[in-house]
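Colleague: Mind looking over this structure? Questions follow.
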Amino acid sequence: MSEAGTPAEALTYEQAIANLRQTADTGDRYYAAWWLGRFRMKQPEAIALLIEALDDSLDRAPDGGYPLRRNAARALGKLESPEAIAPLIACLQCEDYYVREAATQSLGELQATVAVPALLKLLEGGPEAIAAIPGKPHLTQPADAVMETLGQLRATVAVPVVQAFLEHPIDKIRLAAARSLYQLTGDDHYAERVVQGLSDPKLQRRRSALMDLGAIGYLPAAPQIAQTLAENSLKLISLKGLLDTHLRQQTPEAIAELDESAIALMDLMDGLL
Amino acid sequence: RAVAALSAARTDAAIPTLISVLAFNNPGAAVVAVDGLIQLGSPAAQAILNNLDDYNYGARAWALRALAGIGEPAALPLLLSAAREDFSLSVRRAATYGLGRVRWADLSESDRLAQQQQCYETLKLCLQYDPEWVVRYAAAAALETLAPAATQLQSAIAETLNRQAHSDEERAVQARSRLAERRLAGGV
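From first to last, the protein sequence lines are chains H and E.
Residues 38 to 310 in our numbering are what the first sequence lists, from first letter to last.
Residues -7 to 180 in our numbering are what the second sequence lists, from first letter to last.
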């Protein structure tokens, strides 16, 4: 949810397709790939072109990366297209870290359980192998995204692998491991490690704990989420994640009834409006 | 901590300082300042209204939240236009919620009916058409609090909430609409 709303350059579907097809202007292609995902253009033609863009070599970033591939990989995650799964799995081998990261996240959004072995390969070597690269702002592998996706995919086979990352020297990685393990095991003590982030002295840490708890829908954290020193908009998104998870777990009749937990969550949300 | 002390002092002399805190981009301090301003009521609302043009959008959202909490009728034109038109979703959210918390007793009866009608129409638009779930959610909550004060609108409000409870694309907005509808019917 962007605060100001991007005053999106008004594209039509036809223009976006034409922009993605042409090769003269890399900026127009890059924007078109984003636009197709953002506005959920699920036409087969759009999906085919985006899959093609995963192999693009014309658009190169100063760091050697592939910007168009990154955007295409992100867009495909939003289009609910099973044809994108195999090409995205192939992207997990791309030399560009950000392509691997985007493909990982999109495979999670697509519920691609078939990707689990390829995702586990990115964690090979365990915590020791996932380290900073001198001169780069990222690690050797997008381990946090990989663990989150494994959690999202309920890949219980990954539990021992992910557990080893609870001791990783970088706290962001440790938290991603805890979050993932909660999704994989349902064991509250992993979620409580994420809850601790709500009282971290750094605002950025508190914000990511809010997002993580919303994503895993950990109901017992609701009162602490409401009390966290952070923007109300983030707290509302986090609590909505809890409410969505809670409602999703219920039958339609129970949703119509609105149980006490749902009402308590909404009362907390009202207090943040 | 200084902001907390100022808020606790509950004196009109604190108003300009509390208002200036809203622009600090420090959510912790802003929450405390908003609470302080709400406690101070009408004089704080007047001061906020007089300074509104100077704020960045973050500060405007906090200011709208204070005005919404105070329920100042003089802020109604601002709340109505902000709920519909502000580009920032935090501002639309706060304004929308505020439309359900106006101190109606401060208005004459004829004025009140006309203004409540306007509030209802704006909230209905926000509930049905705002692209952000959180604004639609706030509109459902606001319709719940508007209804008891606006007896002539209650059946229309109930119908609007019922429709949204079945049609919104977000479960959370459906649930909030349903909760509001049930509370109005005396069910919760």
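Every residue, glycine too, gets a C-beta built ideally from N, C-alpha and C.
All values derive from a computational prediction rather than experimental measurement.
Report the residue ranges of all alpha helix (DSSP H) runs contained in full by the segment 18 to 73 of chain E; include only those spanning at least 4 residues, in chain order.
Modeller: Within the segment 18 to 73 of chain E, the alpha helix (DSSP H) runs of at least 4 residues that lie entirely inside it are, in chain order, 19 to 32, 34 to 43, 49 to 62.
Colleague: So what does DSSP say about residue 309 of chain H, is it helix, strand or coil?
Modeller: In the first sequence, the residue the question calls residue 309 of chain H occupies position 272. Looking at residue 309 of chain H - three-state DSSP - the assignment turns out to be coil, as it is neither helix nor strand.
Colleague: Measure the CB-CB distance between residue 110 of chain H and residue 95 of chain H and report whether it falls below 8 Å.
Modeller: In the first sequence, the residue the question calls residue 110 of chain H occupies position 73. In the first sequence, the residue the question calls residue 95 of chain H occupies position 58. Cβ distance not < 8 Å, so residue 110 of chain H and residue 95 of chain H don't count as in contact.
Colleague: Sort out for me which residues DSSP pairs residue 169 of chain H with in a bridge.
Modeller: Taking the first sequence and counting its residues from 1, the one referred to as residue 169 of chain H is at position 132. DSSP lists H/176 as the bridge partner or partners of residue 169 of chain H.
Colleague: Please state the DSSP three-state secondary structure of residue 111 of chain E.
Modeller: Translated into the one-based positions of the second sequence, residue 111 of chain E becomes position 119. DSSP places residue 111 of chain E in helix when its eight states are reduced to three.
Colleague: Give a yes or no on whether the minimum CB-CB distance between residue 267 of chain H and chain E is below 8 Å.
Modeller: On the first sequence, residue 267 of chain H is found 230 positions in, with the first residue counted as 1. Yes, residue 267 of chain H lies at the interface with chain E (some Cβ there is under 8 Å from its Cβ).
Colleague: In angstroms with no decimal places, state the Cα-to-Cα distance between residue 64 of chain H and residue 127 of chain H.
Modeller: Looking up residue 64 of chain H in the first sequence gives position 27. Looking up residue 127 of chain H in the first sequence gives position 90. Computed Cα separation, rounded: 25 Å.
Colleague: Under 8 Å between C-beta atoms, does residue -1 of chain E make it to chain H?
Modeller: The count along the second sequence starts at 1 and reaches residue -1 of chain E at position 7. By this cut-off, residue -1 of chain E is not an interface position.
Colleague: Let me know the alpha helix (DSSP H) ranges lying completely inside the segment 201 to 247 of chain H, each 4 residues or longer, listed in chain order.
Modeller: For the segment 201 to 247 of chain H, whole alpha helix (DSSP H) runs of length 4 or above, ordered along the chain, are 208 to 222, 225 to 233.
Colleague: Can you tell me the Cα-Cα spacing of residue 30 of chain E and residue 138 of chain E, whole angstroms?
Modeller: Residue numbering aside, residue 30 of chain E sits at position 38 when the second sequence is read from its first letter. Residue numbering aside, residue 138 of chain E sits at position 146 when the second sequence is read from its first letter. Between residue 30 of chain E and residue 138 of chain E, the C-alpha separation is close to 19 Å.
Colleague: Looking at the unbroken alpha helix (DSSP H) that takes in residue 264 of chain H, where does it start and where does it end?
Modeller: In the first sequence, counting from the first residue as 1, residue 264 of chain H sits at position 227. Segment 259 to 264, the alpha helix (DSSP H) holding residue 264 of chain H.
Colleague: What residue range is occupied by the uninterrupted alpha helix (DSSP H) comprising residue 85 of chain E?
Modeller: Here residue 85 of chain E corresponds to residue number 93 of the second sequence, with the count starting at 1. Following the DSSP letters along the chain, one finds residue 85 of chain E inside the alpha helix (DSSP H) bounded by residues 81 to 90.
Colleague: If you draw a straight line from the C-alpha of residue 121 of chain E to the C-alpha of residue 109 of chain E, how long is it?
Modeller: Numbered from 1 along the second sequence, position 129 holds the residue referred to as residue 121 of chain E. Numbered from 1 along the second sequence, position 117 holds the residue referred to as residue 109 of chain E. In a straight line, the C-alpha of residue 121 of chain E is about 18 Å away from that of residue 109 of chain E.
Colleague: Between the Cα of residue 222 of chain H and the Cα atoms of H/243, H/102, H/190, which residue gives the shortest distance?
Modeller: Against the first sequence, residue 222 of chain H aligns to sequence position 185. For residue 222 of chain H, the nearest C-alpha among the options comes from H/190.
Colleague: Work out the CA separation of residue 296 of chain H and residue -1 of chain E for me, nearest whole Å.
Modeller: Numbered from 1 along the second sequence, position 7 holds the residue referred to as residue -1 of chain E. Numbered from 1 along the first sequence, position 259 holds the residue referred to as residue 296 of chain H. Between residue -1 of chain E and residue 296 of chain H, the C-alpha separation is close to 37 Å.
Colleague: Does residue 79 of chain H come within less than 8 Å of chain E when only Cβ atoms are used?
Modeller: Taking the first residue of the first sequence as 1, we reach residue 79 of chain H at position 42. Not an interface residue.
Colleague: To which residues of the same chain is residue 98 of chain H closer than 7 Å at the C-beta, ignoring the five residues directly before and after it?
Modeller: Position 61 of the first sequence, counted from the first residue, corresponds to residue 98 of chain H. 104.
Colleague: If we call anything under 8 Å between Cβ atoms a contact, is residue 213 of chain H one with residue 219 of chain H?
Modeller: As a working note, residue 213 of chain H is residue 176 in the first sequence. As a working note, residue 219 of chain H is residue 182 in the first sequence. Cβ atoms of residue 213 of chain H and residue 219 of chain H: not closer than 8 Å.
Colleague: Would you say residue 82 of chain E lies against chain H (beta-carbon separation less than 8 Å)?
Modeller: Within the second sequence, the letter at position 90 stands for residue 82 of chain E. For residue 82 of chain E, the answer is yes, since a Cβ of chain H falls inside 8 Å of its Cβ.
Colleague: How about residue 65 of chain E and residue 94 of chain E: do their beta carbons lie closer than 8 Å?
Modeller: For the purposes of this step, residue 65 of chain E is taken as residue 73 along the second sequence, with counting starting at 1. For the purposes of this step, residue 94 of chain E is taken as residue 102 along the second sequence, with counting starting at 1. Cβ distance < 8 Å, so residue 65 of chain E and residue 94 of chain E count as in contact.
Colleague: Determine, using beta carbons only, whether residue 339 of chain H and residue 263 of chain H come nearer to each other than 8 Å.
Modeller: This structure cannot speak to residue 339 of chain H, because chain H is shown only from 38 to 310.
Colleague: Using 8 Å for Cβ pairs, my map puts residue 196 of chain E next to residue 59 of chain E. What's the rounded Cβ distance?
Modeller: There is simply no residue 196 of chain E to check, as chain E begins at -7 and stops at 180 in what is shown.
Colleague: For residue 99 of chain E, I'd like the list of residues in its chain whose CB is within less than 6 Å of its CB, leaving aside the five on either flank, ordered along the chain.
Modeller: Position 107 of the second sequence holds residue 99 of chain E. So the list reads 65, once near-sequence residues are dropped.
Colleague: Whose C-alpha, out of E/161, E/171, E/86, E/175, is nearest the C-alpha of residue 293 of chain H?
Modeller: As a working note, residue 293 of chain H is residue 256 in the first sequence. For the residues E/161, E/171, E/86, E/175, the minimum Cα distance to residue 293 of chain H belongs to E/171.
Colleague: For the alpha helix (DSSP H) containing residue 136 of chain H, name the first residue and the last one.
Modeller: Indexing the first sequence from 1 puts residue 136 of chain H at position 99. From DSSP, the alpha helix (DSSP H) with residue 136 of chain H extends over 134 to 146.
Colleague: What would DSSP say about residue 60 of chain H, mapped onto helix, strand or coil?
Modeller: Here residue 60 of chain H corresponds to residue number 23 of the first sequence, with the count starting at 1. Coil, per DSSP.
Colleague: Assign residue 193 of chain H to buried or exposed, taking buried as 16 or more other Cβ atoms, counted over all protein chains shown, within 10 Å of its Cβ.
Modeller: Taking the first sequence and counting its residues from 1, one reaches residue 193 of chain H at position 156. Exposed, because fewer than 16 other Cβ atoms sit within 10 Å of the Cβ of residue 193 of chain H.
Colleague: Does the Cβ of residue 158 of chain H have 16 or more other Cβ atoms within 10 Å, making it buried, or fewer, making it exposed?
Modeller: Numbered from its first residue, the first sequence carries residue 158 of chain H at position 121. So residue 158 of chain H ends up on the exposed side.
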